[in-house]
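Peer 1:
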Amino acid sequence: MTGIDADTAGRFARLTLGHVTREYPHKLDHVLNGPADATTPSALHPVFYGSFDWHSCVHGWWQLLRLRRLFPTMPEAAAIGALADGMLVPEKMAGELAYLARPDAGGFERPYGWAWALALHDEAARHPEPWSEVLAPLAAAFAARFAAFLPKLTYPLRVGTHFNTGFALTLAHRWAVTHDPALATLIGERARYWFAEDRHCQAWEPGGDEFLSPALCEALLMAEVLPPLAFRDWFDAFLPDVAAGRPATLFTPATVSDRSDGKIAHLDGLNLSRAWCWRTIAARLGADHPVHDAAQAAAERHLAASLPHLADTYMGEHWLATFALLALEPLHD
């Protein structure tokens with residue numbers, strides 16, 4: 001199942017409308033320097049206090065705005081617009097910016113939340129409402145953090161969780177191409193510095209709590225920053241046996257043994273994000289590449305494994321629909 005229809009979009013929107021303003025339970029990324037810092041999520045984050053954690057709330061908003069644009073006549077579109085009109089306002093965003101200005105917040109949400117904040121701004125900029133203007137200072141703050149951080153990141157993070165370099169820079173690059181060409185150039189330079197000579201990836205994955213594929217997220221970033229023919233050459237050296245189905249781990253959906261366990265539930269996200277990666281990589285390689293059809297088939301298997309489980313428990317419900325949208329949405333919109 002590739003592509004998303006209005007009924008599916010409405011279901012995703014209803015799930016996310018149900019949690020972007022749900023404050024509890026909540027997992028904070030927060031440093032306390034004294035008793036006064038022990039306060040509620042909504043006091044710390046006037047906009048992004050829902051969805052169990054800050055980054056999930058940010059990408060929940062990305063998902064809602066994107067669904068509203070792709071399906072403007074779905075019944076949920078009006079509710080999304082009304083909620084955005086009340087939440088994406090300067091006085092509330094000032095509180096988010098104030099949190100970033102705290103002296104101990106330099107590493108807050110690095111790099112996953114940074115990248116999703118840029119993606120949210122990019123999506124908001126495609127709507128006629130003033131939401132992108134409200135989000136612009138937040139995006140500028142995170143773009144500046146990327147620009148300062150990337151030159152001193154000696155080694156990329158090749159993990160399957162929030163710290164993954166490839167995933168974050170894929171989202172950041174897509175924002176930067178339109179909004180900050182200098183940052184786009186820097187991301188391309190750093191990606192080539194870290195990954196250009198990678199060969200024969202073993203893809204020893206997944207780990208037990210991963211929601212991203214280290215191998216495929218690296219390939220996704222290189223597809224983003226390299227010209228098409230250069231990417232094909234790089235990919236063929238990076239995964240030289242993939243046309244024969246090796247490493248098999250990349251073609252095999254993860255087993256999720258307990259969806260009430262927040263960490264194990266990450267594996268549903270892995271299946272969905274792999275589907276997104278495989279679809280995007282297949283399109284970038286082209287229909288004449290020997291991996292194309294196998295990549296598309298792998299995407300379908302991974303989707304089938306986890307798409308029915310988006311709302312089994314709140315540990316998945318508060319974020320999985322975003323990754324399902326990535327896996328299903330049009331590749332070029």
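The numbering of the sequence shown is UniProt numbering, which starts it at 1 and goes up by one. Just so you know, even glycine gets a beta-carbon here, dropped at the ideal spot from N, CA and C.
1. Since G86 is in the alpha helix (DSSP H), which residue starts that stretch and which ends it?
2. Suppose you measure from the CA of F323 to the CA of H55; what does that come to, to the nearest Å?
3. Apply the 10 Å Cβ neighbour rule to E197 and answer buried if 16 or more other Cβ atoms are within range, or exposed otherwise.
4. Sorted by chain position, which residues of the same chain lie with C-beta nearer than 7 Å to D37's C-beta, five sequence neighbours on each side aside?
5. Consult DSSP for T165 and reduce its assignment to one of helix, strand or coil.
6. Rounding to the nearest angstrom, what Cα-Cα distance links M1 and P35 in this structure?
7. Relative to the C-alpha of T170, which residue among A43, T21, I281 is closest?
8. Let me know the secondary structure DSSP gives S132 once reduced to three states.
9. Is F231 near G160, with beta carbons less than 9 Å apart?
10. Using only alpha-carbon positions, find the residue among Y24, V31, R66 that is nearest to F48.
11. Assess contact between the region 171 to 179 and the region 119 to 137, defined as three or more Cβ pairs (one per stretch) separated by less than 8 Å. Is contact present?
12. In angstroms, rounded to a whole number, what distance separates the CA positions of L326 and D261?
13. Go ahead and pull the three-state DSSP assignment for W175.
14. Secondary structure at G34, three-state DSSP: helix, strand or coil?
15. Can you list, in chain order, the residues of its chain whose CB lies under 6 Å from that of A77, leaving out five sequence neighbours each side?
16. Below 8 Å, can you find three or more Cβ-Cβ pairs linking the region 143 to 161 to the region 190 to 209?
17. Ordered along the chain, which non-local residues of its own chain (more than five positions away) have a Cβ less than 8 Å from that of L17?
18. Just to confirm before moving on: does the CB-CB distance between A275 and H302 stay below 9 Å?
19. Which runs of the alpha helix (DSSP H) at least 4 residues long sit entirely within the region 242 to 324? Give them in chain order.
20. Is I187 helix, strand or coil when you go by DSSP?
21. Taking the alpha helix (DSSP H) that A196 falls in, what are its first and last residues?
22. Looking only at C-alpha atoms, which of H19, L88, W62 sits nearest to P46?
Peer 2: Considering the structure as presented:
1. Locating residue 86 in the sequence shown gives position 86, where the first residue counts as 1. Taken as a continuous stretch (DSSP letters only), the alpha helix (DSSP H) holding G86 covers 76 to 87.
2. Here residue 323 corresponds to residue number 323 of the sequence shown, with the count starting at 1. Here residue 55 corresponds to residue number 55 of the sequence shown, with the count starting at 1. Rounded to whole angstroms, F323 to H55 spans 13 Å at the Cα level.
3. Taking the first residue of the sequence shown as position 1, residue 197 is located at position 197. Here E197 is exposed: its Cβ has fewer than 16 other Cβ atoms, across all protein chains shown, within 10 Å.
4. Residue numbering aside, residue 37 sits at position 37 when the sequence shown is read from its first letter. So the list is empty, once near-sequence residues are dropped.
5. Residue numbering aside, residue 165 sits at position 165 when the sequence shown is read from its first letter. Here T165 sits in helix by DSSP.
6. Taking the sequence shown and counting its residues from 1, one reaches residue 1 at position 1. Taking the sequence shown and counting its residues from 1, one reaches residue 35 at position 35. Summary for M1: the model assigns pLDDT 48, below 50, so the residue's position carries little reliability; its value from the coordinates is reported in the next sentence. If you take the alpha carbons of M1 and P35, they lie about 51 Å apart.
7. Taking the first residue of the sequence shown as position 1, residue 170 is located at position 170. Distance check between T170 and each of A43, T21, I281 places I281 closest, using alpha-carbon atoms only.
8. As a first step, residue 132 is located in the sequence shown; it is residue number 132 there, counting from the start. Three-state result, S132: helix.
9. Numbered from 1 along the sequence shown, position 231 holds the residue referred to as residue 231. Numbered from 1 along the sequence shown, position 160 holds the residue referred to as residue 160. In this structure, the beta-carbon distance from F231 to G160 does not fall below 9 Å.
10. Stepping through the sequence shown from its first residue, residue 48 is reached at position 48. With distances taken between Cα atoms, F48 lies closest to Y24.
11. yes
12. Locating residue 326 in the sequence shown gives position 326, where the first residue counts as 1. Locating residue 261 in the sequence shown gives position 261, where the first residue counts as 1. A straight line joining the alpha-carbon of L326 with that of D261 spans about 23 Å.
13. Taking the sequence shown and counting its residues from 1, the one referred to as residue 175 is at position 175. Correct three-state label for W175: helix.
14. Stepping through the sequence shown from its first residue, residue 34 is reached at position 34. G34 falls in the coil class under three-state DSSP.
15. Taking the first residue of the sequence shown as position 1, residue 77 is located at position 77. Result list for A77: R68, in chain order.
16. yes
17. If you number the sequence shown from 1, residue 17 lands on position 17. Correct list, in chain order: L64, E76, A79, I80, L83.
18. The residue you call residue 275 lines up with position 275 of the sequence shown. The residue you call residue 302 lines up with position 302 of the sequence shown. Yes, they are a contact pair.
19. 266 to 285, 292 to 306, 314 to 317
20. Position 187 of the sequence shown, counted from the start, is the residue given in the question as residue 187. Three-state result, I187: helix.
21. For the purposes of this step, residue 196 is identified with residue 196 of the sequence shown, where counting begins at 1. Where A196 is concerned, there is no enclosing alpha helix (DSSP H), given that its DSSP letter is neither H nor E.
22. For this step, residue 46 is matched to residue 46 along the sequence shown. Comparing Cα positions, the closest option is L88.
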